[in-house]
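> Here the protein sequences come in this chain order: Y and F.
Per my numbering, the very first residue in the first sequence carries number -3; after that it's consecutive.
Per my numbering, the very first residue in the second sequence carries number -3; after that it's consecutive.
First the structure, which I've put down as C-alpha cells, then a few questions once you've had a look.
2 protein chains.
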Amino acid sequence: MAHAVDTAFTYRPPLRDLRFVLDEVLGVPDLLQQCGSTEFDAQTIDQVLCAAGQFAAEVIAPLNASGDREGCRLPQPGVVATPKGFRSAYLEFVEGGWTGLGCDAEFGGQDVPSCVSSAVSEMLSGANMAWAAYPGMSHAAYMCVAANGTPAQKALYLPRFVSGQWAGTMCLTESHSGTDLGLLRTRAAERPDGTYEITGTKIFISGGEQDLTENIVHLVLARLKGAPPGVKGISLFIVPKFLPDARGEAGTRNALACASIEDKMGIHGNATCTMNFDGATGWLLGEADKGLAAMFVMMNHARVAVGVNAIGLMDAAYQKALAYAKERTQGRVLGRIGPHAVGGADPIIAHADVRRMLLTQKAYVEGSRAFALWATTLIDMQHRHADAEERVRAGRLLALVTPVVKAFCSDLAIESTLLSMQCFGGHGYIRGNGVEQHLRDARIIPLYEGTNGVQAMDLLNRKVLGDGGKSIDVLLNLIQDWIEAEEATPDIAEFLVPMLGLVKDVREITTELVAVAGSSADIAGAASAPYLRLIGHLMLAWMWLRMAALAGRKGEAAEAIHMSKLATARFYYQRLLPEAKARCLELRAGAASIGEPILDWF
Amino acid sequence: MAHAVDTAFTYRPPLRDLRFVLDEVLGVPDLLQQCGSTEFDAQTIDQVLCAAGQFAAEVIAPLNASGDREGCRLPQPGVVATPKGFRSAYLEFVEGGWTGLGCDAEFGGQDVPSCVSSAVSEMLSGANMAWAAYPGMSHAAYMCVAANGTPAQKALYLPRFVSGQWAGTMCLTESHSGTDLGLLRTRAAERPDGTYEITGTKIFISGGEQDLTENIVHLVLARLKGAPPGVKGISLFIVPKFLPDARGEAGTRNALACASIEDKMGIHGNATCTMNFDGATGWLLGEADKGLAAMFVMMNHARVAVGVNAIGLMDAAYQKALAYAKERTQGRVLGRIGPHAVGGADPIIAHADVRRMLLTQKAYVEGSRAFALWATTLIDMQHRHADAEERVRAGRLLALVTPVVKAFCSDLAIESTLLSMQCFGGHGYIRGNGVEQHLRDARIIPLYEGTNGVQAMDLLNRKVLGDGGKSIDVLLNLIQDWIEAEEATPDIAEFLVPMLGLVKDVREITTELVAVAGSSADIAGAASAPYLRLIGHLMLAWMWLRMAALAGRKGEAAEAIHMSKLATARFYYQRLLPEAKARCLELRAGAASIGEPILDWF
C-alpha cells in the first residue's frame, strides 16, 4: 500500500450507542423483566457487550484486511483453508463460550436474549464480516434443529453447536434454483434403516467446508421420491460431514464433499462452497414435504441477523470516514474551525458537503441500529413475554418488519459505505485504506438470504396484502399511540407533524394497494420495492423521533449523546426523510409503466 | 469460477442507440454542417462508430476480465507490466489511427468532432475501462499541450501523441494535496539553459508508467522558487520520461521513476502510479504561476470524458443484466410470458420487480447517454460554430453542465451497476459472471478528476452563484423554448406538465439560493450535492422528453426503438423523476442541520 491511512485496521465497538439504544430508547432491562429474564439487568448486558466488543476489536478486527487479501483456499480437493488466524480466533471464541450465547440453557447455552446477542453480532460483523459469518450461519442451523428436531436429534446436535465443536450450514440453493426453491432437484431416497440417501449439488453454501470445527452439519433441502412437484414436495435433512458414532462423536466420513469455492467480490475469508452430495447419509428433520416451512423458521431469524450484520459493516465504514474527515486537512472554511497558518488547511469535516455525507451515514447507522434492535426485542417478546397477547402481537410485528430489517438496512449499508468511501476521496479507492472492503463485503447482504426484491414481495404480498393490511395497522397504531403520548415532550414539535404525515401517507397508500392489488399481478410486484423503502423510512423516522424525544425529556440534563441525537434527528427529518415523498409519488404512479414494455423494447 | 454465466465476456456496442441519439435526437449531421465539418455526414459517423464498436467488442472486451484478474505488476523497480494482451491491443489501436481520432489535422489527427469521438470513447470504456484509460488520459495531455504549448512544443509533442508513439499523463495530486492543490509541494527550479529541475512526489498518476508507448510525457504541477503561496503560485511543466533528442526522438532517461503502483478496488489493468521526480528536467508549459488555469482547460474536457466513461460501464453492466434476465428462469408470472410445463418457470424479466430494475438501468443509461452526447455537441459548437454568439452560448452551457455530466452520470453509474448486480441475485456477487467488476471499475469515477462533491461545488458556487444565475437561466430558457415549440406534438402531453413544473422548481430554488448564499459559507456547501442532482434530473427529464417527442412525431411510422423510448420516458417520469421533488424539499430545508452539530456530536 503506497498510501495507507492509519484508520485502516481499527474498529471501535459502539458500546455507548448500543447502551443508549438498549437501555434508554428501548428500555430493554424492564422489557426483559416482563419476559422473565430477570438476570439481564443493565449491568449484566453491559458486561456482555464490553466483553464482546473487546473480542471484536482485539481478536477479529485485526484479521479483517488480511483475511480479505488472503481469502479461502482449496489446498487439496475437498479441503478448505480459511485465512491465517481465523482458526485460532474461532477457538478463542469457543473458549469464551460465545458460540452458545443465544442458545438455550437446556443444551448448555447462555440463554442471552435476542436483543443482546444481536448487539454482539453487530459488533462481530462490523469487525470482521467474513469471520463472523461462520458462527452466524452455525447459529441459524442451531435454531432450525431446535425448532424442528426430535428430542433425540436435539440432544445429539444442539449441545455440539452450543459448544462450537460442530458447525452447521443451510443448503438450499442449486445452480438453477435460488429464489424459486420449487425447482430444486436434489433427491432423497429412504433406506430400510430409516436413514436417507441424499444426492445432488448445492451451491453458495457459506461455510460448507472449513477448518474451524470437528464436524459440519448440513441442513439440506431435497425431494423425496414421489413427492409433489414444486415447493410442496421439499423435505429437510440433517446431513453431517462425519456421521455421529454411538457416543455422538464425529465418526465415519459421509459421502459429501466441497467441489469448489467461489471467487467473490468480497467476504473473501468466508468459504462459499459448492457441495456435492453423492448418496450421502441423512436424517429427516421435521415432517416429510414440509421442509420449506421448517427451514423458514430459521430463515426469518437469519434475515434479521443479516440486517444487523449490515449495520455493523456500515458503522465500521463510517468510523473510518469520520476518523479520516477529522484528520485529513484540505481547503479552508471560514468561520468554523478557526484560523490557520498561511498554506494551512482545515480538517475536511469542516466542509458542509463532507458534514452532509457524515451526517447521512450517522443517521443511517444509528437509526437502523435502533430499528433493528427494536425488531430483536420483538423476538424476545414473542418467545418469552408473560402476556400471551403481547406474545402474539410481537410475533405479528416481527413477521411484518423482518423483510424490512433485512432489505432496508442492507440497502442503507450500501449507500452509507459508498459515502464512507467518498469521504476519503481518491484514497477511498485504495485497498490499504480498508474502507472499500466494507462496500465489497456489504454488497452480498442485499443478495443473499432472499434478494431484497424477494424481501419486498414478502413484505407487501404476504405480510401486508396477505392479511388485508391488518398487521401494518397494528404497527401504525403503535406509532400513532406513541406520538400522542409524546405530544407534550419539549423540542420535538418539529418532528411530530412530518411523522404524522408519514403515518397518514402509509395508511392511505396501503389502503389503495389493498383495494387494487387483486386486479393484476403486476401491481404488487411493481409497488413492492418502493413500498418497502417507504416502510423503512417510517421505522427510521419513528426511531429518530424516539431518540429526539429522549433528548427533549432530558432538558437541561441532556448529555452530549442526547444533543447529538437531537441534531441527527433534525438532519434526518430535513434532508433524508423527504425521500419518502418521492416513494409515495412513485407508488401512486402505479404499475402500468412497468407492465407495458414488450420484450423487444428492452 | 464454479458458476460463470455465458454473458460474462460479451459487450455489444450500442450502435443503434448511438445513431438514434446523434442523428435523430441531436441532429448532429446538420449541426456539424453549421460547424464547418462538412465531411461528417450520418454515413461517415456511422462508419467511425461501427469500426470503433468492432474494436471495442472484439479486441479489448475479451481482455476486460483477464486484465482485472491479472492487474498491473512491477516486475522490477520502476517498470510496470500491463496485463497480458493490453500492449498488442494498444498497438492495434495505434495501427488503426484511433489515437489521433479527436486530434487536429494539423498534427496528423483525424479531426473527428467531439460528439463522435465521445461516442467512441463510451464504447471503449464499456468494453474495457482499465485499458481505455491509457489512451483516454493521453488524449487529455494532448489537449493540454495543444491549448497551452508554444509552437515548438506543439510541433514536438502533438504529432507523437497523435501517432500514439508517446503517451501523456496529468500529475496533480500529492499525498497531502488532492482537492486542495494550493497545498502542493513539488518544486521547480529554473536552470541557466531555460529548463527546470522538478523535484517532488506525485500520487495517483494514471498510466504514470506502462509498457505500451516509447515515451511518457508527464504534465506536472509544481511551484517555482519564490512563487506566491496557494493556487496562485502553481506552474505547469512538461516532464518526459525520455528527453527528446535533437531529432525529437526519445533520448536520455530523465530523473523520474515510478516508485510503486496502487492496489485498488478496481480498474486493476490501469497502472495508478506514485511518481518520484528527482531533479527531473522539465519545460514550462504556459505561463509561470498560471499552471492551474492551464491544467483546467484539459481538466474540464476530462470531466466530460469520465462522465462518458461512466455511461459505457453502466451500459455494459446493464447488457449483462438484461441478457441474464431473459435467460434465467425462476418463478412463475401468470399472464405475461405464456404457459409453461409443470415445474417450469418464467424468465425473470417477466417479474415486475426485475422489470423495474431493468427499466431503471435503461432510463439511466440511455438518458445519460443523450445528455452527455448533447454536452459534447456543445464542445464542437464552442470551437467551430459559424455564428460567434452560438459559440459563446455553447461555451457557457458547456461550463455549466460539465460538472453535472461528470458527477451525475457517475453517480447514476454506481446506482445502475448496483441494480445490474441485483438482477443476477447471488450470481451477481461471483467474479466469473463479470458484472461485479463493472461496479468496482465504475467506483473510481465519482472519486477522480475532482470528487463529485467538488463537482457540486463547482456547479453551484462557480457556475450558478458565480454569475448570479445567468448561465442557468440560459439553460432553462433553452428548455422552455423547446417545450413551447413542442406543445402540439402528439403523445407527450403527459410529460410537458411535470417538465414545466421542474423548470419552475429549478428557477425558484436557484433564485432563493442566489438571494441567501452570501449570508453563510455553509448555504452553498450544504445545497451543492442535492442541487447538482436536481439539475441532473432536469437534464434527463429534458432528454427523455425529446426522445418521447420523436416517437410522438413519428406517429404510425414509429419503429420499435421509438416505442421503446416512449415507454422508457414514461417509466422515467413516473417512477424516477419524483426524486427531484425530494431534492427540492431537501434544498429548501436549508443548511442549519448540517452546520449546527459540533465536532463532539459526530
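Note that beta-carbon positions come from the ideal geometry of N, C-alpha and C, so glycine has one too.
Only a predicted model underlies this, so the values are computations on that prediction, with no experimental measurement involved.
Mind listing which residues of the stretch 126 to 159 of chain Y have their C-beta closer than 8 Å to chain F's C-betas, in chain order?
Cβ contacts with chain F come from no residue of the stretch 126 to 159 of chain Y.
> From the DSSP output, which residues share a beta bridge with histidine 214(Y)?
Its beta-bridge partners are Thr165(Y) and Val235(Y).
> Quick one: is histidine -1(F) near chain Y, going by C-beta distance under 7 Å?
Note that histidine -1(F) scores 43 on pLDDT, short of 50, meaning its location in the model is unreliable; the coordinates nonetheless yield the value given after this. So, interface residue.
> Check whether the Cβ of threonine 447(F) lies closer than 7 Å to any Cβ atom in chain Y.
So, interface residue.
> Helix, strand or coil: how does DSSP classify alanine 0(Y) here?
In this predicted model, alanine 0(Y) has a pLDDT of only 45, less than 50, meaning its place in the structure is not dependable; the value taken from the coordinates is given anyway. Correct three-state label for alanine 0(Y): coil.
> Compare the C-beta of tryptophan 540(Y) against all C-beta atoms of chain F and say whether one is closer than 7 Å.
Closer than 7 Å: no.
> When you compare the stretch 153 to 165 of chain F with the stretch 100 to 110 of chain F, are there three or more beta-carbon pairs, one atom per stretch, that lie closer than 8 Å?
With the cut-off at 8 Å, the stretch 153 to 165 of chain F and the stretch 100 to 110 of chain F touch.
> Between the stretch 31 to 43 of chain Y and the stretch 83 to 100 of chain Y, do three or more beta carbon pairs fall short of 8 Å?
No: the two stretches stay apart, fewer than three of their Cβ pairs being nearer than 8 Å.
> Distance check for histidine 135(Y) and alanine 384(Y), CA to CA, integer angstroms please.
Each residue's Cα considered, the two are about 27 Å apart.
> Compare the C-alpha of arginine 187(F) against each of Leu168(F), Gly145(F) and Gly275(F) and name the closest.
Of the listed residues, the one whose Cα sits closest to arginine 187(F) is Gly275(F).
> Give a yes or no on whether the C-beta atoms belonging to threonine 398(Y) and valine 300(Y) are separated by under 7 Å.
In contact: threonine 398(Y) and valine 300(Y) (Cβ atoms closer than 7 Å).
> List, in chain order, every chain Y residue whose beta-carbon is nearer than 7 Å to that of valine 329(F).
What valine 329(F) touches in chain Y: Ala517.
> Give the residues of chain Y in contact with threonine 175(F), contact being defined as C-beta atoms less than 7 Å apart.
Near threonine 175(F) (Cβ distances below 7 Å), the residues of chain Y are Gln326, Gly327 and Gly421.
> Which residues of chain F have a Cβ atom closer than 9 Å to the Cβ of glycine 98(Y), listed in chain order?
Near glycine 98(Y) there are no residues of chain F at all, since even the closest Cβ is about 26 Å away, more than 9 Å.
> Take every Cβ of the stretch 105 to 124 of chain F, pair it with every Cβ of the stretch 191 to 206 of chain F, and state whether three or more of those distances are shorter than 8 Å.
Result no; under three Cβ-Cβ pairs closer than 8 Å.
> Out of Ile375(F), Ala545(F), Leu252(F) and Gln357(F), which one is the CA nearest neighbour of methionine 417(F)?
Measuring from the Cα of methionine 417(F), the nearest candidate turns out to be Gln357(F).
> Distance, Cα to Cα, alanine 290(F) vs leucine 374(F)?
Approximately 20 Å, taken between the alpha carbons.
> Taking just the CA atoms, how far does methionine 535(F) sit from phenylalanine 72(Y)?
A quick correction: the sequence has glutamine, not phenylalanine, at residue 72(Y). In a straight line, the C-alpha of glutamine 72(Y) is about 56 Å away from that of methionine 535(F).
> How would you list, in chain order, the residues of chain F whose beta-carbon sits under 8 Å from the beta-carbon of threonine 169(Y)?
Result: Gly422.
> Are the stretch 422 to 436 of chain F and the stretch 450 to 459 of chain Y touching, with three or more C-beta to C-beta distances below 8 Å?
Too few Cβ pairs lie closer than 8 Å, so no.
> With distances taken Cα to Cα, identify the nearest neighbour of threonine 447(F) among Arg542(Y), Leu318(Y), Val350(Y) and Gly421(Y).
The option with the nearest alpha carbon to threonine 447(F) is Gly421(Y).
> Work out the CA separation of glycine 178(F) and valine 227(F) for me, nearest whole Å.
Each residue's Cα considered, the two are about 4 Å apart.
> Report the partner residues of proline 343(F) according to the DSSP bridge assignment.
Answer by DSSP bridge pairing, in chain order: Thr325(F).
> I'd like to check one pair, methionine 125(Y) with leucine 309(Y): are the Cβ atoms closer than 7 Å?
Cβ atoms of leucine 309(Y) and methionine 125(Y): closer than 7 Å.
> Look at the alpha carbon of valine 400(F) and the alpha carbon of tryptophan 597(F), and state the distance between them as a whole number of angstroms.
The straight-line gap from Cα to Cα measures roughly 33 Å.
> Any beta carbon from chain F within less than 7 Å of tyrosine 425(Y)'s own beta carbon?
Yes - at least one Cβ of chain F is within 7 Å of the one on tyrosine 425(Y).
> So the candidates are Ala452(Y), Gly363(Y) and Leu474(Y); which of them puts its Cα closest to the Cα of leucine 393(Y)?
Of Ala452(Y), Gly363(Y) and Leu474(Y), the residue nearest in Cα terms is Leu474(Y).
> Which residues, in chain order, does the stretch 556 to 574 of chain Y contribute to contact with chain F at a C-beta distance below 7 Å?
Under the 7 Å Cβ criterion, the stretch 556 to 574 of chain Y contributes Ala556, Met559, Ser560, Ala563, Arg566, Phe567, Gln570, Arg571 and Pro574.
> Can you tell me the Cα-Cα spacing of arginine 219(F) and alanine 523(F), whole angstroms?
About 34 Å.
> Buried or exposed: which applies to histidine 434(Y), given that a residue is buried once 16 or more other Cβ atoms fall within 10 Å of its Cβ?
Buried, since its Cβ has 16 or more Cβ neighbours within 10 Å.
> Give the list of continuous alpha helix (DSSP H) stretches no shorter than 4 residues that lie fully inside the stretch 447 to 471 of chain Y.
Listed in chain order, they are 448 to 453.
> Taking any Cβ of chain Y, which residues in the stretch 425 to 444 of chain F have a Cβ under 9 Å from it, in chain order?
Listed in sequence order: Tyr425, Ile426, Arg427, Gly428, Glu432, Gln433, Leu435, Arg436, Arg439, Ile440, Pro442, Leu443 and Tyr444.
> Are the stretch 277 to 284 of chain Y and the stretch 256 to 268 of chain Y touching, with three or more C-beta to C-beta distances below 8 Å?
The answer is no - the stretch 256 to 268 of chain Y does not touch the stretch 277 to 284 of chain Y, with fewer than three Cβ pairs under 8 Å.
> I'd like the span of the beta strand (DSSP E) that includes valine 76(Y), first residue to last.
75 to 77 is the span of the beta strand (DSSP E), which, as asked, contains valine 76(Y).
> With a 10 Å radius around its C-beta and 16 neighbouring C-beta atoms as the bar for buried, classify leucine 32(F) as buried or exposed.
What sits at residue 32(F) in the sequence shown is glycine, not leucine. Exposed is the call here.
> Distance, Cα to Cα, glycine 363(Y) vs glycine 204(F)?
Spanning the two alpha carbons is a distance of roughly 44 Å.
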